[in-house]
Every structure is written in C-alpha cells, then in structure tokens.
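These notes concern the structure reproduced below.
Numbering (my numbering), first residue to last: 3 to 173.
Below, the structure written as structure tokens:
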C-alpha cells in the first residue's frame, strides 16, 4: 500500500491521540505526545502522519529534542499505527517522513544524531544501528540491541555519551 505522509498539524491532535492510544496497551504514550507538545523539546515539523486513502490518520511518528553527552540530538518516539493498518507500511512511511525532515535540519547544521529505543528487528531498515557502537548509551537498564542510533549527514561532530530525554519521558 502506498501512503501519503505530511507533517502533523494542530488539527490532527485528536486523531493522533486515537492512533497512539489504539496502538499501545495503555494511554501513557498518548499522554507523552500531549506532554511533549507543550515542552521545549517539541520541534514543529518533526512529527508526521501517514494518511489512509479515506483521509484518516493511520500512522504517526515523532522526533523531539534530547541530548547525547550534552550535545543536541533527536529522539524517535513514539511510532504508532492504528491496529487496522498495522503491517501495511503506515508506520514506516511516517518514520521515513520524520527522518527526511531531520536530515534536512542536519544538512543545515541541526541535530546529526537520532536515537530510538525499540525493536531491533524493525528500526535497522531505516539505517539505525546499535547506539553503543557510537559510544551512545542511557542511564537506565535496556538491552544493548534495543537502543539504536542513526547518524545524519551534516556539518559538525556526531554526539556521543549518555542520552538525556526531555522531562515528559520520565526517565
């Protein structure tokens, strides 16, 4: 299935919340998205929706500011797909859309590192590798293969060190 993607708009908030709530076992991730919208970590244009042929929001991906070793970086979370559209490419389309927007920022001198804590079988298709190989880690216990990073092309050094997530993540 071919997906149309676009940056999230303010009018998408309710639809995004519904998708995120449906995709996860609790409403915690939907609450996280709402909290991030009001946080300094939010970057307009780095949240994307995948739109179904009938116009409904089917998938969602979000990048927000974080730091790695004190340097600016991006965190990919959450990625969510409405259950009726799972395994059909909506999530991948939304991820590719936010990563393309992040790549444009990096080329212009923005953040060059994206981190994700997720399924090690899923995220490598977008270029993510083990973060530990880049000297990137977190201050809490996670399996090494679950913390992944992607380096974007652009000027300046690639951050390394401990990732600090924005306060709404609660870690």
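The beta carbon of each residue, even a glycine, is placed where N, CA and C say it ideally should be.
- Apart from the 5 residues on each side of it in sequence, residue 144 sits with its Cβ closer than 8 Å to the Cβ of 119 in its chain, given in chain order.
- Beta-bridge analysis with DSSP links residue 90 to no other residue.
- Boundaries for residue 112: no alpha helix (DSSP H) harbours it, and the DSSP string shows neither H nor E there.
- Residue state for residue 18 is assigned as helix, using DSSP reduced to three classes.
- Apart from sequence neighbours up to five positions away, the residues of its chain that approach residue 87 with a beta-carbon distance below 7 Å are 54, 60, 61, ordered along the chain.
- Runs of the beta strand (DSSP E) lying entirely within the stretch 119-154, each at least 3 residues long, are 138-140, 149-153 in chain order.
- Taking 9 Å as the cut-off, the beta carbon of residue 129 is found no closer than this to the beta carbon of residue 149.
- Taken through DSSP and simplified to helix, strand or coil, residue 32 comes out as helix.
- Nearest C-alpha to residue 165 among 157, 155, 136, 158: 136.
- Residue pairing of residue 79 in beta bridges, as defined by DSSP: absent, with no partner found.
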